[in-house]
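Asks: I have a structure here, written as structure tokens, and I will follow up with some questions on it.
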Ligand SMILES: [Zn+2]
């Protein structure tokens, strides 16, 4: 086994045990396609109908590689969403990613928490303190585990945040959510899937309900996606649906 992967996995494990809580990462609330005009259909975002304010522009995804876990800065025009926060102390690295995108905290309108494990929600208070106008979102069943300075909006199947579709993927935690950008054909999987030693389900010792975890992975095969980004592991940049189908056969 690659010793680096081993160390990272073990660190994650100890972090989970040490805090003793399930953390919700970042997920957006329903019907928040754009902050200034909720009547605009969020999924209508294509380069062809992009406007000057960028509300309909294509989504750019920036990985905030925190070592053993990744957060993401999603940028559409002049607006950003942050997905997950890393553990405590990670806000400066998210700030760096925003800076690299030419944006700052005032442009962060959404904080989407995939689930309430501490390596995903450890910097929620700092991020929301910096992003004063951002709405935090998470799956309803994980919200009680999240310490946040303002109310976290519950989201699940059928909801839409920042032009992305929320998909309930419970099992790793009861309220785990993933999000899918239909324009870029990208799934932001959180910990519904791992990609540390090839695409896999999350290690069983981390999961609240293994059968439910597997069922959520099967559910994701209904999406015809090209790419997946993960909480743990490198992105899959092409052929993601085929890789996912191969995984499901092995479950
Ligand atoms: Zn997790």
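Residue numbers (the working numbering): 2 to 252.
Just so you know, even glycine gets a beta-carbon here, dropped at the ideal spot from N, CA and C.
Small disclaimer: the values here were computed from a predicted structure and weren't measured.
#1: What residue range is occupied by the uninterrupted alpha helix (DSSP H) comprising residue 58?
#2: With a threshold of 8 Å on Cβ separation, who are the neighbours of residue 151 within its own chain once the five nearest residues in sequence on each side are excluded?
#3: Using the C-alpha atoms, what's the distance from residue 142 back to residue 79?
#4: Can we say the segment 111-130 touches the segment 176-189, given the rule of at least three CB pairs closer than 8 Å?
#5: Could you check the C-alpha separation between residue 169 and residue 103 for me, to the nearest Å?
#6: Name the residue from 58, 139, 71 whose alpha carbon lies nearest to the alpha carbon of residue 229.
#7: Taking the continuous beta strand (DSSP E) assigned at residue 111, which residues delimit it?
#8: Is residue 207 near ligand 1, going by C-beta to nearest heavy atom under 7 Å?
#9: Identify, in the order they occur along the chain, each residue of the same chain with its Cβ nearer than 7 Å to the Cβ of residue 246, setting aside the five sequence neighbours on each side.
#10: Roughly how many whole angstroms lie between the Cα atoms of residue 98 and residue 188?
#11: Reducing DSSP to helix, strand and coil, say where residue 69 ends up.
#12: Hey, would you say residue 92 sits closer than 8 Å to residue 149, going by beta carbons?
#13: Taking buried to mean at least 16 other C-beta atoms within 10 Å of its own C-beta, is residue 239 buried or exposed?
Replies: According to the data block:
#1: Membership of residue 58 in any alpha helix (DSSP H) is not indicated, and neither H nor E is assigned to it by DSSP.
#2: For residue 151, where only same-chain residues beyond five positions count, the Cβ hits under 8 Å are 129, 137.
#3: Rounded to whole angstroms, residue 79 to residue 142 spans 32 Å at the Cα level.
#4: Cβ pair count under 8 Å is three or more, so yes.
#5: Rounded to the nearest angstrom, the two C-alpha atoms are 32 Å apart.
#6: Nearest of 58, 139, 71 to residue 229, Cα basis: 71.
#7: Counting along the chain, the beta strand (DSSP E) containing residue 111 begins and ends at 109-117.
#8: Under cutoff, so the answer is yes.
#9: Around residue 246: 222.
#10: In this structure, the CA atom of residue 98 is about 20 Å from the CA atom of residue 188.
#11: Of the three classes helix, strand and coil, the one that applies to residue 69 here is coil, per DSSP.
#12: By the CB criterion at 8 Å, residue 92 and residue 149 fall outside the cutoff.
#13: Taking all protein chains in view, the Cβ of residue 239 is surrounded by fewer than 16 other Cβ atoms within 10 Å, so the residue is classified as exposed.
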